[in-house]
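Before any comments, here is the structure.
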Amino acid sequence: MKAHLTELLFLAVKQITDCNDSSIIVFERPKIINHGDFSTNICLVLSKKLKKSPRALAAMILEKIPTSDLISNIEIAGAGFLNFFLSSKANNKIINDILNSKDSYGKNKTGNNKKIQIEFVSANPTGPLHVGHGRGAAIGDCLARLFETSGWVVTREFYYNDAGEQINNLMHSVKASCQKIPTDDPRFPTDGYHGEYINEIAKAFLSMKTIDCQGVKIKASGKIEDTKSIQEFSIAYLRKEQDLDLIAFKTKFDVYSLESSFYKDGKVEKVVDSLIKEGHTYEKDGALWLKTTNFGDDKDRVMKKTDGTYTYFIPDVTYHLDKWERGFKKVINEQGADHHSTISRVRAGLQGLNKNIPKDWPEYVLHQMITVIKGNKEVKISKRAGSYLTLRELIDEVGCDATRYFLAARRPDSQLVFDIDLAKSQNNDNPVYYIQYAHARISKVLEQWGGDISTLKLDESFIFDSNVELKLIKSISIYPEIVLQATNELAPHQIANFLKECAADLHSYYNNSKFLVEDEKIKMARLSLINSTKYVLKNGLQLLGIEAPPQM
RNA sequence: CUGCCCGUAGCUCAACUGGAUAGAGCACCAGUUUUCUAAACUGGGGGUUACAGGUUCGAUUCCUGUCGGGCAGGCCA
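Each residue of the first sequence is one higher than the one before, counting from 6 in our numbering.
This is how it looks when you write it as structure tokens:
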């Protein structure tokens, strides 16, 4: 439709200017229904160049636009906007198009089957997942669904930092717990983890439990001095817990990458050698430094510590080189904003390898921190302090659908306040139920009608004339554009907002009109409209990973 | 002190990357069910978009400065 309008308008514009580039024509979807279905600011853009007032220019262009049976009217408005109103024929075409496309309405092929890798959650296996990880899971998974809908081949990936200092801390914490050392005892590791889950791991370890994690069975030796077994068992235990959390959150991954594997196969060493060879390193204070300042960082960073081990970002660089070598030209990392400083380091490391990796690769989506409030008090999300709200608790209390909605419905770069009491007590006022209810209402009407839904088709000559109907038609016709935009801008929250508005339009329509009326022609038209709305709601909810129940 | 993100109704958040009269929900007030689910709908009040400048036809959006909040600035991740 947009292409059709652009073509028509360009024919007119060409007669007035010598411009040969149709990309100067931009159509927008006006917010206000009186401003039509499409609007363009072309006259405002051209007025300066042609030294004519925008409104006069608009009049000239308007005269030269060819007629089309898809357009009912074109108006000049405001400072010189051209507002296009679609004809009933165009509207009916959209509805029939949705009825034909069904579950694939909203899909597009802009991805062209290209590969994309999306890394998200990537929590350290040092504790259960908390609300912050939930936000990452919700946003990352929705992004993946968006790219799939836009024709990309998506790989969802989880990276485990299962090596390094934090894992040592974990092991020592569990060991201390096995020895019944209280957390406030001076013998308890200073940087240790304090949560109750540490005691549970210790108990399971001492009773020599076996953990089945990702198809591998790990058995605890039960011996307190066997630090290797404690470490192995603790990681397996927590990975298993995290897997269960993710299942409860309906989030799946295609690939799990382990930091430890990059040490085992020697890739970390290779990256370090390569960085040294390319001349981006130097020794100082007994450590090896990477000149990240060569690539825009504000100071150089240690890559090899005096004790011979590497800092975290070297395995990170290795991992990203691995992604690049697996052929992912497009990679998105979804992370918490507290990791933003790694961006410049990872990119600097990749540049230092001299492999022609683009400077802005990989892309990042950073979500801001969450403040959790319960009983008007902030709940601190701190693993070490132990007082900590897990994702699982949240799902149990609020439900998976609502949790996903709340966490995905906000711009990633806004800090969000998650009020547990509100999410819980407000069950019925929750936006997700509002949207699901709209879907359920349609389902029920169609059920009561009792006809064969697959035969629903809108008569080309039918004219919808009420404002609630026109508003709803406009709403559902925008859906494919919203999907594309949300994908391009890496902004899943736009889907959530759209669905809320679409549901509102449906509810207005429902309260305003009766569908199962005597007049067969009107009945079929209205059923066609709400059935196409049903597909939009269902497809949109699917993008968010939320159920579309037939009844509530 | 330096870098990144943010500041919009009493509260939680939008605003199509510069568009028209800044919109929703919650809360508050007043209405709507003999009719397909009232988990809904209709109407009302509530704003100097933190503040001060600048850029232009046009700024919540871009630039500069100030104030305020969050996160980083580990040989932790």
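Ideal Cβ positions, reconstructed from N, Cα and C, are used throughout, including at glycine.
Once DSSP output is grouped into helix, strand and coil, what is the label at SER77?
It is a strand residue.
Counting along the chain, where does the alpha helix (DSSP H) carrying ARG140 start and finish?
From DSSP, the alpha helix (DSSP H) with ARG140 extends over 136-154.
Flag this pair as yes or no: are the beta carbons of ARG409 and ILE551 separated by less than 8 angstroms?
Their beta carbons are under 8 angstroms apart, which means ARG409 touches ILE551 by this criterion.
Runs of alpha helix (DSSP H) wholly within the region 259-306 (minimum 4 residues, chain order):
Qualifying alpha helix (DSSP H) stretches, in chain order: 264-269 and 272-282.
LYS3 versus LEU91 - alpha carbon distance
Nothing can be reported for residue 3: it is not among the residues displayed for the chain, which extend from 6 to 557.
Where GLU12 sits in the DSSP three-state scheme:
Of the three classes helix, strand and coil, the one that applies to GLU12 here is helix, per DSSP.
Short Cβ contact (8 angstroms threshold) for ILE99 with ASN88:
Between ILE99 and ASN88, the CB-CB gap reaches or exceeds 8 angstroms.
Are the region 116-135 and the region 148-157 in contact at 8 angstroms, needing three or more beta carbon pairs?
Contact holds: three or more Cβ-Cβ distances are below 8 angstroms.
Can you tell me whether LYS558 is helix, strand or coil according to DSSP?
Because the chain spans 6 through 557 in this model, residue 558 falls outside it and cannot be assessed.
Pop quiz: LEU371 and GLN453 are said to be a contact at Cβ under 8 angstroms. What is the actual Cβ separation, rounded to whole angstroms?
Not confirmed; about 48 angstroms, so no contact.
Entirely within the region 65-136 and at least 4 residues each: give me those alpha helix (DSSP H) ranges in chain order.
The qualifying runs are 93-106.
ALA342: which of THR11, GLN356 and ILE375 sits nearest, CA to CA?
Ranking THR11, GLN356 and ILE375 by Cα distance to ALA342 puts ILE375 first.
Beta-carbon proximity list for LEU16, same chain, < 8 angstroms, skipping 5 on both sides
Correct list, in chain order: LYS69, ILE70 and PRO71.
Below 8 angstroms between beta carbons: does that hold for ILE252 and GLU237?
Not a contact, by the Cβ cut-off of 8 angstroms.
Residue environment, ASP42, which counts as buried when at least 16 other CB atoms sit within 10 Å
By the beta-carbon neighbour count (other beta carbons within 10 angstroms, threshold 16), ASP42 is buried.
Would you grab the beta carbon distance between THR395 and LEU151 for me? Rounded to a whole angstrom, and I think it's under 8 angstroms.
A Cβ-Cβ distance of about 27 angstroms is found for the pair THR395 and LEU151, leaving them out of contact under the 8 angstroms criterion.
For LYS180, three-class secondary structure by DSSP
Of the three classes helix, strand and coil, the one that applies to LYS180 here is helix, per DSSP.
Starting from ILE206, follow its DSSP beta bridges and name the residues at the other end.
Note: ILE206 sits in no beta bridge, so no partner.
Mapping the DSSP letters down to three states, classify ASN435 as helix, strand or coil.
ASN435 sits in coil when the DSSP states are folded into three classes, being neither helix nor strand.
Throw me the rounded Cβ distance for the LEU51 and THR22 pair, which I believe falls under 8 angstroms.
Right, their Cβ atoms sit about 6 angstroms apart.
Please state the DSSP three-state secondary structure of GLU398.
Reduced to three states, the DSSP call for GLU398 is helix.
Buried/exposed call for GLN556, threshold 16 Cβ in 10 Å
Exposed.
For ILE37, three-class secondary structure by DSSP:
Assignment of ILE37 by DSSP, reduced to helix, strand and coil, places it in the coil class.
Selection from GLY380, ILE478, PHE469 and LEU546 that minimises the alpha carbon distance to ILE440
Relative to the Cα of ILE440, the nearest Cα in the group GLY380, ILE478, PHE469 and LEU546 belongs to LEU546.
THR286: which of GLU246, LYS245, ALA353 and LYS269 sits nearest, CA to CA?
For the residues GLU246, LYS245, ALA353 and LYS269, the minimum Cα distance to THR286 belongs to ALA353.
So, is LYS309 buried or exposed, given that buried needs 16 or more other C-beta atoms within 10 angstroms?
Under this definition LYS309 is a buried residue.
Can you give me the C-alpha to C-alpha distance between ARG161 and TYR261, rounded to a whole angstrom?
The straight-line gap from Cα to Cα measures roughly 9 angstroms.
Based on Cα-Cα distance, which residue from PRO485, PRO367 and LYS228 lies nearest to ALA181?
Closest by alpha carbon: LYS228.
If you draw a straight line from the C-alpha of GLN356 to the C-alpha of ASP250, how long is it?
Straight-line Cα distance between these residues: approximately 36 angstroms.
Need the endpoints of the beta strand (DSSP E) that GLN373 sits in, please.
For GLN373, no beta strand (DSSP E) segment is defined, and its DSSP state is neither H nor E.
At what residues does the alpha helix (DSSP H) containing GLY354 begin and finish?
Residues 346-357.
Extent of the continuous alpha helix (DSSP H) to which ASP217 belongs
Judged by DSSP secondary structure, ASP217 falls outside any alpha helix (DSSP H) and instead within the beta strand (DSSP E) spanning 215-218.
Over the uninterrupted alpha helix (DSSP H) stretch that includes ILE527, give me the two end residues.
In the DSSP assignment, ILE527 falls within the alpha helix (DSSP H) that extends over 525-549.
Same chain only: Cβ atoms within 8 angstroms of GLU264, ignoring 5 sequence neighbours per side:
TYR164, TYR165, ASN166, ASP167, ALA168, GLY169, PRO320 and TYR324, listed in sequence order.
Excluding the five sequence neighbours on either side, which residues of its own chain have a C-beta within less than 8 angstroms of the C-beta of GLU33, listed in chain order?
So the list reads PHE43, SER44, THR45 and ASN46, once near-sequence residues are dropped.
Assigned secondary structure, GLN340 (DSSP; H/G/I helix, E/B strand, else coil):
Note: GLN340 maps to strand in three-state DSSP.
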